[in-house]
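Asks: Quick one: structure below, then a few questions.
There are 2 protein chains.
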Amino acid sequence: MNREELVNQIKLKKTFLCVGLDSDIEKIPKHLLEFEDPVFEFNKAIIDATKDFCVAYKPNIAFYEKNGDKGWISLKKTIQYIPSNILTIADAKRGDIGNTSSMYAKAFFENLNFNCITLSPYMGFDSVSTYLSYKNKWIILLALTSNKSSLDFQNAKLKNGLHLFEEIIKTSKKWGSLKNTMYVVGATQAERLKEVRKIIPDHFLLVPGFGKQGGSLSKVAKYALNSDCGILVNSSRNIIYASDCLNFAENAKIESKKIQQKMSIILSQSDFLKK
Amino acid sequence: MNREELVNQIKLKKTFLCVGLDSDIEKIPKHLLEFEDPVFEFNKAIIDATKDFCVAYKPNIAFYEKNGDKGWISLKKTIQYIPSNILTIADAKRGDIGNTSSMYAKAFFENLNFNCITLSPYMGFDSVSTYLSYKNKWIILLALTSNKSSLDFQNAKLKNGLHLFEEIIKTSKKWGSLKNTMYVVGATQAERLKEVRKIIPDHFLLVPGFGKQGGSLSKVAKYALNSDCGILVNSSRNIIYASDCLNFAENAKIESKKIQQKMSIILSQSDFLKK
Numbered sequence: 000m001n002r003e004e005l006v007n008q009i010k011l012k013k014t015f016l017c018v019g020l021d022s023d024i025e026k027i028p029k030h031l032l033e034f035e036d037p038v039f040e041f042n043k044a045i046i047d048a049t050k051d052f053c054v055a056y057k058p059n060i061a062f063y064e065k066n067g068d069k070g071w072i073s074l075k076k077t078i079q080y081i082p083s084n085i086l087t088i089a090d091a092k093r094g095d096i097g098n099t100s101s102m103y104a105k106a107f108f109e110n111l112n113f114n115c116i117t118l119s120p121y122m123g124f125d126s127v128s129t130y131l132s133y134k135n136k137w138i139i140l141l142a143l144t145s146n147k148s149s150l151d152f153q154n155a156k157l158k159n160g161l162h163l164f165e166e167i168i169k170t171s172k173k174w175g176s177l178k179n180t181m182y183v184v185g186a187t188q189a190e191r192l193k194e195v196r197k198i199i200p201d202h203f204l205l206v207p208g209f210g211k212q213g214g215s216l217s218k219v220a221k222y223a224l225n226s227d228c229g230i231l232v233n234s235s236r237n238i239i240y241a242s243d244c245l246n247f248a249e250n251a252k253i254e255s256k257k258i259q260q261k262m263s264i265i266l267s268q269s270d271f272l273k274k
Numbered sequence: 000m001n002r003e004e005l006v007n008q009i010k011l012k013k014t015f016l017c018v019g020l021d022s023d024i025e026k027i028p029k030h031l032l033e034f035e036d037p038v039f040e041f042n043k044a045i046i047d048a049t050k051d052f053c054v055a056y057k058p059n060i061a062f063y064e065k066n067g068d069k070g071w072i073s074l075k076k077t078i079q080y081i082p083s084n085i086l087t088i089a090d091a092k093r094g095d096i097g098n099t100s101s102m103y104a105k106a107f108f109e110n111l112n113f114n115c116i117t118l119s120p121y122m123g124f125d126s127v128s129t130y131l132s133y134k135n136k137w138i139i140l141l142a143l144t145s146n147k148s149s150l151d152f153q154n155a156k157l158k159n160g161l162h163l164f165e166e167i168i169k170t171s172k173k174w175g176s177l178k179n180t181m182y183v184v185g186a187t188q189a190e191r192l193k194e195v196r197k198i199i200p201d202h203f204l205l206v207p208g209f210g211k212q213g214g215s216l217s218k219v220a221k222y223a224l225n226s227d228c229g230i231l232v233n234s235s236r237n238i239i240y241a242s243d244c245l246n247f248a249e250n251a252k253i254e255s256k257k258i259q260q261k262m263s264i265i266l267s268q269s270d271f272l273k274k
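What follows is the structure, encoded as structure tokens:
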């Protein structure tokens, strides 16, 4: 999916919600365990219930790897089930030497056909360049993450006056383009979004940490919305575990719709929908 | 495997070689493709041929994920096949928020029963703390990697005078202990090992980049050997792809034995074997 198609979907559905599929076999409703592939059944129901209210799905790869080869099958079936007009993000946070990265790129971009992958920038340009050679695929680089310890290193002050996350954004924005590179900036760091936007006013940002982790939607929008919307705000647990009863999908629908409605108001108050 | 057991194995076998199982289905000898699980057959033969000359195996997870659920099965069988007196390292380079890290820990430490996992430090303490709660398991943090672009950020000069990789080592060495934390320092950065050893004289280091990537064994030993040996030097492609004929395993044996013999001389010239 290219940038234009993504922006059109946001416009059409009046939402910039990304639903995180952190689907844990130990947390999904118990009645699903009688199915052959409970995680896939769960995801299928969640996708059916939420697809009108989001523009992206983000399976968190750890939750599938925990289930070994079966997890990989659930992941593959899930990706195939997601409608093609919805962006798919492999939340993998990989980062390795070029030779190894090309294997991860094959795994996620070719075999599973994800649109995007999250990557750690720590190993530098040659650890992400392979992914950039794919047309209409995206890398999403970790910049400022939503966890408390993100400040341990990401916020380190460099000799040149920048924080490490700023240096990483400043350097890496030259690697790709607005059409194949996004950044992760946690909603818990909403005020820092202002600084991020000074360096990359036009890039798309993937914003986790909204919901259970405490980030605020209005603050994120205030600091990060741009003329192409430019943000995908992720919510995982708040939506997919809205309840653990038989009606879990209905509750996921209600939660995702609530967020979509807030987003619709935010977008209608911005210049984005008027373009 | 705990530190004492690892040190004993190094002493016994007079080697600190780690064999990297970057087993690519497109590169293994063609005659193996007739087996049900060619990658596992390849690994089995490589393990049989090299197990007397190494103290660790390091499957590179990307090469297995490239093969999807089948890759995961090959990985599981490989891990089960490795003798229990040889250290197993999941070269995964993961790094995520705590909730997600606990899923990766289950995948690699519990389900696959790896002894060690390589991790990216970029997200800070709470992204690695989960792994440290496992007894006799190790985290191996990326410090200074062997690729050219490692200098993009790892070498960034901080306001406090340290390079980023030094700051990361200095901070993270307090998270765990000598008994559960190692660091990745590339053989291509041999001279920097001196600086690393000033901060962590006693930790074990995992040193990739020897062989195809151009690192020198004698330089690595010169700067990094400590009284417990303290280094595991990895070689992947040089050994496992020593030839692609019917006798590939025999050639892998010859290559790994050559390295072991060099290591044996290095160790015999050090104080380590005299202890």
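Chains A and B supply the protein sequences, listed in that same order.
Heads up, the first sequence is in numbering that gives the first Met the number 0, so the first residue is 0 and it goes up one at a time.
Heads up, the second sequence is in numbering that gives the first Met the number 0, so the first residue is 0 and it goes up one at a time.
We treat Cβ as the ideally placed atom computed from N, Cα and C, and that holds for glycine.
Compare the C-beta of leucine 143(A) with all C-beta atoms of chain B and state if any pair is closer than 8 Å.
Replies: no
Asks: Please state the DSSP three-state secondary structure of alanine 55(B).
Replies: strand
Asks: Is there a Cβ of chain B sitting closer than 8 Å to that of asparagine 59(A), yes or no?
Replies: Taking 8 Å as the threshold, the shortest C-beta distance from asparagine 59(A) to chain B falls below it.
Asks: Check whether the Cβ atoms of valine 183(A) and leucine 205(A) sit closer than 8 Å, and answer yes or no.
Replies: yes
Asks: Mind checking which residues open and close the beta strand (DSSP E) that includes alanine 142(B)?
Replies: 137-143
Asks: Would you tell me roughly how many angstroms separate the C-alpha atoms of asparagine 159(B) and asparagine 159(A), rounded to the nearest one?
Replies: 12 Å
Asks: Can a CB atom of chain B be found closer than 8 Å to the CB of glycine 19(A)?
Replies: no
Asks: Between threonine 187(B) and chain A, is the shortest Cβ-Cβ distance under 8 Å, so that the two count as touching?
Replies: no
Asks: Tell me, which residues are paired with isoleucine 115(B) by DSSP?
Replies: As written in the sequence, residue 115(B) is cysteine, which differs from the isoleucine given in the question. Beta-bridge pairing links cysteine 115(B) to Ile88(B) and Trp137(B).
Asks: Whole angstroms are fine: how far does the CA of leucine 192(A) sit from the CA of serine 217(A)?
Replies: 12 Å
Asks: Between the region 144-155 of chain B and the region 116-127 of chain A, do at least 3 Cβ pairs fall closer than 8 Å?
Replies: yes
Asks: Measure the CB-CB distance between tyrosine 80(B) and phenylalanine 108(B) and report whether it falls below 8 Å.
Replies: Using a Cβ distance threshold of 8 Å, tyrosine 80(B) and phenylalanine 108(B) do not count as a contacting pair.
Asks: Could you round the C-beta distance between phenylalanine 15(B) and isoleucine 253(B) to whole angstroms and report it? I think they count as a contact, below 8 Å.
Replies: Not quite, the Cβ-Cβ distance comes to about 19 Å (not below 8 Å), so this is no contact.
Asks: Identify the contact partners of asparagine 146(A) in chain B, using a Cβ-Cβ distance below 8 Å as the criterion.
Replies: Among the residues of chain B, those whose CB is under 8 Å from the CB of asparagine 146(A) are Ile96, Gly97, Met122, Gly123, Asp125 and Ser126, following chain order.
Asks: Less than 8 Å between the beta carbons of tryptophan 130(B) and alanine 61(A), yes or no?
Replies: The residue you asked about is not tryptophan; residue 130(B) is tyrosine in the sequence shown. No, they are not a contact pair.
Asks: Whose CA, out of Glu249(A), Lys13(A) and Leu177(A), lies closest to the CA of asparagine 135(A)?
Replies: Leu177(A)
Asks: Run through DSSP, which three-state label would valine 219(A) get?
Replies: In this structure, DSSP gives valine 219(A) a helical state, which the three-state scheme calls helix.
Asks: Using a Cβ cut-off of 8 Å (strictly closer), state whether threonine 49(B) contacts chain A.
Replies: no
Asks: Identify each residue in the region 63-79 of chain A for which the Cβ-Cβ distance to at least one residue of chain B is less than 7 Å, and report them in chain order.
Replies: Glu64, Lys65, Gly67, Asp68, Trp71, Ile72 and Lys75
Asks: Tell me the rounded alpha-carbon separation between threonine 49(A) and lysine 256(A).
Replies: 8 Å
Asks: What residue range is occupied by the uninterrupted beta strand (DSSP E) comprising phenylalanine 203(A)?
Replies: 203-206
Asks: Do the region 36-54 of chain A and the region 88-99 of chain B meet, that is, are 3 or more Cβ pairs less than 8 Å apart?
Replies: Verdict: no, contact absent.
Asks: Which residues mark the beginning and the end of the beta strand (DSSP E) in which serine 126(A) is found?
Replies: Where serine 126(A) is concerned, there is no enclosing beta strand (DSSP E), given that its DSSP letter is neither H nor E.
Asks: Counting only Cβ-Cβ distances shorter than 8 Å, please list the residues of the region 0-34 of chain B near chain A, keeping chain order.
Replies: With the criterion set as a beta carbon lying under 8 Å from some beta carbon of chain A, the members of the region 0-34 of chain B are Asp21 and Asp23, in sequence order.
Asks: Contact criterion: CB-CB distance below 8 Å. Does threonine 87(A) meet it with respect to chain C?
Replies: Considering every chain present, this structure includes no chain C. Its protein chains are A and B.
Asks: On the CB-based measure, 16 or more other CB atoms within 10 Å of its CB, does phenylalanine 209(A) come out buried or exposed?
Replies: buried
Asks: Given a cut-off of 8 Å on the beta-carbon distance, is the pair threonine 77(A) and phenylalanine 113(A) in contact?
Replies: no
Asks: Going along chain B, which residues have a C-beta under 7 Å from methionine 181(A)?
Replies: Under the 7 Å cutoff, chain B gives no residues; its nearest Cβ is about 17 Å from methionine 181(A).
Asks: Helix, strand or coil for tyrosine 63(A) per DSSP?
Replies: Three-state DSSP puts tyrosine 63(A) in a helix.
Asks: Measuring CA to CA, which of Cys17(B), Gly185(B) and Lys10(B) is closest to cysteine 115(B)?
Replies: Cys17(B)
Asks: Taking the straight line between their C-alpha atoms, what separation do you get for serine 263(B) and glutamine 8(B)?
Replies: 13 Å
Asks: Does any C-beta atom of chain A lie closer than 8 Å to the C-beta of isoleucine 45(B)?
Replies: no
Asks: Does asparagine 110(A) come within less than 8 Å of chain B when only Cβ atoms are used?
Replies: yes
Asks: With 16 other CB atoms within 10 Å as the buried threshold, where does proline 37(B) fall?
Replies: Buried is the call here.
Asks: Rounded to the nearest angstrom, what separates leucine 32(A) and threonine 99(B) at their Cα positions?
Replies: 22 Å
Asks: In chain order, what residues of the same chain lie with their CB nearer than 6 Å to the CB of glutamine 188(B), ignoring the 5 residues before and after it?
Replies: Leu143
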